[in-house]
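Undergrad: One structure is given below, represented as structure tokens, and several questions about it will come after.
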Amino acid sequence: MLSVVRVHLPSDIPIVGCELTPYVLLRRPDRTVTTDDVSEINPLDGHFLRYKWYRVQSDKKVAVCSIHPSEQATLQCLGCVKAKIPVAKSYHCTPKCFSDAWQHHRVLHDRAASAVNDNGNEEEELFGRFNNSGSGSSNTTLSASASSASLTNGAAPVYPAAITQRSGGETWFEVGRSKTYTPTADDIGHVLKFECVVVDAETKLTVGHSSTLLTSRVIPAPSPSPRRMIPVDGMGHLDAEGRITSSGSFTVLSYNILSDSYASSELYNYCPSWALSWPYRRQNLLREIVGYRADIICLQEVQSDHYEEFFAPELDKHGYYGLYKKKTNEVFLGNANTIDGCATFFRRDRFSHVKKYEVEFNKAAQSLTDAMIPTSQRKTALNRLVKDNVALIVVLEAKVNNQPVDNPGKRQLLCVANTHVNVHDGLKDVKLWQVHTLLKGLEKIAASADIPMLVCGDFNSVPGSAPHSLLAMGKVDPSHPDLAVDPLTILHPRTKLVHQLPLVSAYSSFARTIGVGYEQHRRRLDSTTNEPLFTNVTRDFIGSLDYIFYTADSLVVESLLELLDEESLRKDTALPSPEWSSDHIALLAEFRCCKNRSRR
């Protein structure tokens, strides 16, 4: 007879909006075991599994810490209560927690006081549209004031809540009847119970005992500080949702989302395990990406299985069509499904797909060694050059109703390159060679068609490095220190390290914008290179590695997603974190097509 061996929940802490799918191990009648689902539609040997989820509501009210939402609160800031700040933000688990968070916490008090002085009383104005409140309950030693959760991610329960049992001061409300359950705002602060039982398909009676598990208390999905689009030339305008738009404009997002295969607890031991888990991060990343409402999305470090099973179908629901290029696997030794790559999505109502080019640097390395390296040294050369990195180049055509008004009837094409350059700092020659190879390919496309270009990605190169100089300046100074690393002489002659594309970094536009209020944005740029101070933040590194370059003879920057500052990240926090689910930050730029000028 079919029986349940055990049930297990991979994630320790349930979070609002993040699916919970228990691992259920079954024993078949022939004594073999399986994790396959056995539904009522397809019973096995006359039996199937019935699932139920319950919210366990205790008579003892519990509040959760606003800083460490997996911890129970033991104290409350009375200043927050007096200032009518959302009650969930007033709770802390320990005096040390409150003390450590004070520099950030006092900002809430200052904003509340300022809002009162300005006769403002809208919480959304104070705390941003992504604000979420916490549990509607509190510890008996705390204030009894409460607020309901505003973050309502996840589907509403299909079945009406029903009291199924009450004992020992606990009440169980049924909230779901499928194997997977997505916690809602109503679950915050409560324990969930999963129940699995074998049922006779004919009689519909249960067989044997039910298998159950209890979760930790459900916590709200942490909300990062909202990032605004900032106009950089005064030509854009805000739409009803606060998005800057311009006739004939479009937006482009570039984001290294941190592959799950790299997100190890050893490397990111400062991030809570629940916030590092893929079930949590994928939902948080999706919310962030969709929230930017970009017309074109360039993602790096997208695992092949995650692209096929999650990002492609989920973004399809939001009107995006996706293209993907997986890294080659000549070096990678793990599961082929976990190889990451570059994914480019575009809105179907804005663009159509014209052509796709795939750049495999391994193939370019083979061609290079065959042409330049003596036979006796080719194996050594390939060991250095073959690193599995790729680039995805997509040619798009703007839909007719979105063409610029100064080009009626003309096809408006756009070339978008998305790449992830090699990470190893000791391979400066390989990084530069990969960037140079990509640019030479783009030059060939530019020579065959008069087409605006975008070059996006994680270049693993800091501002001022040789790869960055080649991109931004069109050449590399022969005396650049990075050129000292060239054991294969693949960078000779130095005069070949040039290109003719008029590329400019989008975020350098902040440095060229003058006006009241722009000083804070310029302070977030490196004064030498005019690049962001950081796009990658870990305990071991902080700096810029990600860029959006554009051809300045055919595109104009209209607006940019504001950069994060240290306060936004809470100075003691590296990435990823519960709020931000990658160790990189997203870059987003709005462009407008313009009439061509002469090339560099």
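First residue of the sequence shown: 2, per our numbering; consecutive thereafter.
For each residue, glycine too, the CB sits at the ideal point set by N, CA and C.
Take Lys-364 as the anchor and find which of Leu-562, Val-253, Val-387 and Ile-298 has the nearest alpha-carbon.
TA: Residue numbering aside, residue 364 sits at position 363 when the sequence shown is read from its first letter. Closest option to Lys-364, Cα to Cα, is Val-387.
Undergrad: What separation, rounded to the nearest whole angstrom, lies between the Cα atoms of Ser-466 and Asp-483?
TA: Residue numbering aside, residue 466 sits at position 465 when the sequence shown is read from its first letter. Residue numbering aside, residue 483 sits at position 482 when the sequence shown is read from its first letter. Roughly 7 Å between the two C-alpha positions.
Undergrad: With respect to 7 Å, is the separation between the Cβ of Val-219 and the closest non-hydrogen atom of the ligand ZN below this value?
TA: Among the components modelled here there is no ligand, and therefore nothing to report on the ligand ZN.
Undergrad: Using the Cβ count rule (16 or more neighbours within 10 Å means buried), how would you classify Ala-382?
TA: Here residue 382 corresponds to residue number 381 of the sequence shown, with the count starting at 1. Buried.
Undergrad: Considering only C-alpha positions, which residue in the set Ala-276, Leu-27 and Val-417 is nearest to Leu-556?
TA: Translated into the one-based positions of the sequence shown, residue 556 becomes position 555. From the listed residues Ala-276, Leu-27 and Val-417, the smallest Cα separation to Leu-556 is found for Val-417.
Undergrad: Check Val-17 in the structure and name its three-state DSSP category.
TA: Here residue 17 is taken as the residue at index 16 of the sequence shown, counted from 1. If DSSP states are grouped into helix, strand and coil, Val-17 belongs with coil.
Undergrad: Taking just the CA atoms, how far does Val-456 sit from Glu-591?
TA: Working through the sequence shown from its first residue, we reach residue 591 at position 590. Working through the sequence shown from its first residue, we reach residue 456 at position 455. Going from the Cα of Glu-591 to the Cα of Val-456 covers about 14 Å.
Undergrad: Where DSSP assigns a beta bridge to Leu-26, which residues make up the other side?
TA: Residue 26 sits at position 25 when you count from the first residue of the sequence shown. For Leu-26, which the question treats as bridged, DSSP gives the partners Arg-7.
Undergrad: Would you kindly check if the distance between the Cβ of Leu-324 and the Cβ of Val-431 is under 8 Å?
TA: Your numbering for residue 431 matches position 430 in the sequence shown. Your numbering for residue 324 matches position 323 in the sequence shown. No. Outside cutoff.
Undergrad: In the DSSP assignment, find the alpha helix (DSSP H) that holds Asp-430 and state where it starts and stops.
TA: Counted from its first residue, the sequence shown places residue 430 at position 429. Counting along the chain, the alpha helix (DSSP H) containing Asp-430 begins and ends at 429–449.
Undergrad: Can you tell which of Arg-540, Ile-298, Lys-326 and Val-8 has the C-alpha that lies nearest to the C-alpha of Asp-317?
TA: Translated into positions along the sequence shown, residue 317 becomes position 316. Nearest option by C-alpha distance: Ile-298.
Undergrad: Just to confirm my understanding: we take Glu-580, look at its own chain, exclude 5 residues before and 5 after, and list those with CB closer than 6 Å. What are they?
TA: Indexing the sequence shown from 1 puts residue 580 at position 579. So the list reads Pro-223 and Pro-225, once near-sequence residues are dropped.
Undergrad: For Val-176, which of helix, strand or coil comes out of DSSP?
TA: Within the sequence shown, the letter at position 175 stands for residue 176. Looking at Val-176 - three-state DSSP - the assignment turns out to be strand.
Undergrad: Rounded to the nearest angstrom, how far is the Cβ of Leu-215 from that of Val-198, given a contact under 8 Å?
TA: Taking the first residue of the sequence shown as position 1, residue 215 is located at position 214. Taking the first residue of the sequence shown as position 1, residue 198 is located at position 197. At roughly 16 Å, the Cβ-Cβ gap does not stay under 8 Å, so Leu-215 and Val-198 are not in contact.
Undergrad: When the distance is taken between beta carbons, is Phe-511 closer than 8 Å to Val-233?
TA: Stepping through the sequence shown from its first residue, residue 233 is reached at position 232. Stepping through the sequence shown from its first residue, residue 511 is reached at position 510. Remark: C-beta atoms of Val-233 and Phe-511 approach each other more closely than 8 Å.
Undergrad: With burial defined as no fewer than 16 other Cβ atoms inside 10 Å of the residue's Cβ, what is the status of Ile-586: buried or exposed?
TA: Numbered from 1 along the sequence shown, position 585 holds the residue referred to as residue 586. Buried is the call here.
Undergrad: Are the region 551–565 and the region 494–504 touching, with three or more C-beta to C-beta distances below 8 Å?
TA: Taking 8 Å as the limit for Cβ pairs, the verdict is that the region 494–504 does touch the region 551–565.
Undergrad: With which residues is Ser-53 paired in a DSSP beta bridge?
TA: Position 52 of the sequence shown, counting from 1, holds the residue named residue 53. The identity of residue 53 in the sequence shown is Lys, whereas the question assumes Ser. Looking at the DSSP assignment, Lys-53 forms a beta bridge with Glu-196.
Undergrad: Out of curiosity, what's the CA-to-CA distance linking Lys-445 and Asp-371?
TA: Walking along the sequence shown from the start, residue 445 turns up at place 444. Walking along the sequence shown from the start, residue 371 turns up at place 370. Going by the C-alpha atoms only, they are around 22 Å apart.
Undergrad: Which residue wins for smallest C-alpha separation from Thr-345, given the options Gly-80, Tyr-321, Leu-3 and His-493?
TA: Numbered from its first residue, the sequence shown carries residue 345 at position 344. Comparing Cα-Cα distances from Thr-345 to each of Gly-80, Tyr-321, Leu-3 and His-493, the minimum goes to Tyr-321.
Undergrad: Assign Ser-449 to buried or exposed, taking buried as 16 or more other Cβ atoms, counted over all protein chains shown, within 10 Å of its Cβ.
TA: Position 448 of the sequence shown holds residue 449. Exposed, by the Cβ-count rule.
Undergrad: What's the gap between the Cα of Glu-309 and the Cα of Gln-104?
TA: Residue mapping note: residue 309 aligns to position 308 of the sequence shown, counting from 1. Residue mapping note: residue 104 aligns to position 103 of the sequence shown, counting from 1. Approximately 43 Å, taken between the alpha carbons.
Undergrad: Taking only runs that begin and end inside the region 243–328, name each unbroken beta strand (DSSP E) of 3 or more residues, in chain order.
TA: Fully enclosed beta strand (DSSP E) runs of 3 or longer: 250–257, 297–304 and 321–327.
Undergrad: Return no unless some Cβ of chain B is closer than 8 Å to the Cβ of Lys-441.
TA: Looking at the structure shown, chain B is missing, and only one protein chain is on hand.
Undergrad: Could you tell me the alpha carbon to alpha carbon distance between Leu-415 and Ile-258, rounded to whole angstroms?
TA: Here residue 415 is taken as the residue at index 414 of the sequence shown, counted from 1. Here residue 258 is taken as the residue at index 257 of the sequence shown, counted from 1. Using only the alpha carbons, I get a separation of about 24 Å.
Undergrad: Considering just the uninterrupted stretch of the alpha helix (DSSP H) at Met-2, what are its terminal residues?
TA: Position 1 of the sequence shown, counted from the start, is the residue given in the question as residue 2. Met-2 -> no alpha helix (DSSP H), and no H or E assigned at all.
Undergrad: Taking the alpha carbon of Leu-397 as the point to measure from, which residue in Gly-80, His-354, Arg-412 and Leu-433 has its own alpha carbon closest?
TA: Along the sequence shown, read from residue 1 onward, the residue named residue 397 stands at position 396. Taking only the C-alpha atoms, the option nearest Leu-397 is His-354.
Undergrad: Just to confirm my understanding: we take Gln-284, look at its own chain, exclude 5 residues before and 5 after, and list those with CB closer than 7 Å. What are they?
TA: Locating residue 284 in the sequence shown gives position 283, where the first residue counts as 1. So the list reads Gly-18 and Cys-19, once near-sequence residues are dropped.
Undergrad: How is Cys-98 classed by DSSP in three states: helix, strand or coil?
TA: Translated into positions along the sequence shown, residue 98 becomes position 97. Helix, per DSSP.
Undergrad: Measure the Cβ-Cβ separation of Ala-64 and Tyr-92 and say whether it is below 8 Å.
TA: Along the sequence shown, one-based indexing puts residue 64 at 63. Along the sequence shown, one-based indexing puts residue 92 at 91. The answer is yes: Cβ separation under 8 Å.
Undergrad: Cys-594 bridges to which residues according to DSSP?
TA: Start at 1 with the first residue of the sequence shown, and residue 594 comes out as number 593. Beta-bridge pairing links Cys-594 to Leu-556.
Undergrad: Leaving out the 5 sequence neighbours to the left and right, which residues in its chain are closer than 7 Å to Gly-121 when beta-carbon positions are compared?
TA: Within the sequence shown, numbered from 1, the residue matching residue 121 stands at position 120. Confidence at Gly-121 is low in this model, with a pLDDT of 45, below 50, so its placement is unreliable and no value can be given for it.
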